[in-house]
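Peer 1: For the sequence shown, the working numbering assigns the number 357 to the initial residue and increments by one for each residue that follows.
Got a structure for you, written out below as structure tokens; questions coming shortly.
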Amino acid sequence: FMGYFSGIFDIIGMRLVEIFEAIPTLFLLLTFVAFFGSNLYMLMVIIGLTSWTGYSRYLRAEFLKLREQDYVQAARALGLPLRSILFKHMLPNGVAPVLVAASFGVASAILAEATLSFLGLGVVDAPSWGQMLNQAVRSSSFNWWMAVFPGGAIFFTVFAYNLIGDALRDAIDPHLSTIE
């Protein structure tokens, strides 16, 4: 809600986001895995904790844009309570673009997990495409299929989530579509 309120609340909130963005994500992931271990749930929590800053900035920008819209100004002029303006008018309109960004975030999370598994810091007991790539690199005789199939699976999965995000963006705001 930093985008709705301005002043000290917005400044402190955005400086906090900038502090977290200044720390390299891969370094933070490696540090968390070293301290807390690498079970599946902890890995999901760590990836979630390291990727919130982009969504925070995006949601703030959406709220900055929405607070100047006519329907928000009308709700404010009618004297609606702040809770009603934020949760009934602004949040439903501001979340849709963030959901599009979240589909791109899923693709980034898949890449982060594959990277950690490739480096040997992923979940040990669960099969992972990153572990399969690591085994392909470490095998004494390089067999191309040991690297191509897990690498292709990572590529096509990330590509599919990016296409889903692109399609969601086009469905939510058809004016942004580049295909006529």
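By construction, the Cβ of each residue, glycine as well, lies at the ideal position given by its N, Cα and C atoms.
State the DSSP-derived secondary structure class of E536, mapped to helix, strand or coil.
Peer 2: The residue given as residue 536 occupies position 180 in the sequence shown. In this predicted model, E536 has a pLDDT of only 48, less than 50, meaning its place in the structure is not dependable enough to derive any value.
Peer 1: What first and last residue would you give for the alpha helix (DSSP H) that runs through R371?
Peer 2: Counting from one through the sequence shown, the residue named residue 371 turns up at place 15. Counting along the chain, the alpha helix (DSSP H) containing R371 begins and ends at 364-378.
Peer 1: When you compare only the Cα positions, how much space is there between Y359 and S497?
Peer 2: Looking up residue 359 in the sequence shown gives position 3. Looking up residue 497 in the sequence shown gives position 141. Just to set this straight, residue 359 is Gly in the shown sequence, not Tyr. Cα to Cα, the separation comes out at about 56 angstroms.
Peer 1: In the DSSP assignment, find the alpha helix (DSSP H) that holds P483 and state where it starts and stops.
Peer 2: Here residue 483 corresponds to residue number 127 of the sequence shown, with the count starting at 1. Per DSSP, P483 belongs to no alpha helix (DSSP H) and is neither H nor E.
Peer 1: Would you call the region 453-473 in contact with the region 426-441, where contact means no fewer than 3 C-beta pairs closer than 8 angstroms?
Peer 2: At 8 angstroms Cβ cutoff, the stretches do not touch.
Peer 1: Reducing DSSP to helix, strand and coil, say where R423 ends up.
Peer 2: For the purposes of this step, residue 423 is taken as the residue at position 67 of the sequence shown. Of the three classes helix, strand and coil, the one that applies to R423 here is coil, per DSSP.
Peer 1: When you compare the region 413-425 with the region 484-491, are there three or more beta-carbon pairs, one atom per stretch, that lie closer than 8 angstroms?
Peer 2: No, they do not touch.
Peer 1: Round the Cβ separation of A463 and V401 to the nearest angstrom and send it over; I've been treating them as touching at under 8 angstroms.
Peer 2: What you label residue 463 is simply residue 107 of the sequence shown in a count that begins at 1. What you label residue 401 is simply residue 45 of the sequence shown in a count that begins at 1. Rounded, the Cβ-Cβ distance is 19 angstroms, inconsistent with contact.
Peer 1: With distances taken from CA atoms, which of R423, L477, R432, G435 is nearest M446?
Peer 2: The residue given as residue 446 occupies position 90 in the sequence shown. That would be R423, whose Cα lies nearest to the Cα of M446.
Peer 1: For V470 versus I510, is the C-beta spacing smaller than 7 angstroms?
Peer 2: Indexing the sequence shown from 1 puts residue 470 at position 114. Indexing the sequence shown from 1 puts residue 510 at position 154. One detail in the question is off: residue 470 reads as Ala in this sequence, not Val. In this structure, I510 lies closer than 7 angstroms to A470 by Cβ.
Peer 1: Helix, strand or coil for L519 per DSSP?
Peer 2: By 1-based counting over the sequence shown, the position of residue 519 is 163. Three-state DSSP puts L519 in a helix.
Peer 1: How about the region 402-412 and the region 385-393: do they share at least three Cβ pairs that are nearer than 8 angstroms?
Peer 2: Yes: at least three Cβ pairs fall under 8 angstroms.
Peer 1: Going by beta carbon distance, what residues of the same chain come within less than 7 angstroms of E536, once the five residues before and after it are set aside?
Peer 2: The sequence position of residue 536 within the sequence shown is 180, counting from 1. With a pLDDT of 48 at E536, under the threshold of 50, the predicted position of this residue should be treated as unreliable, and no value is reported.
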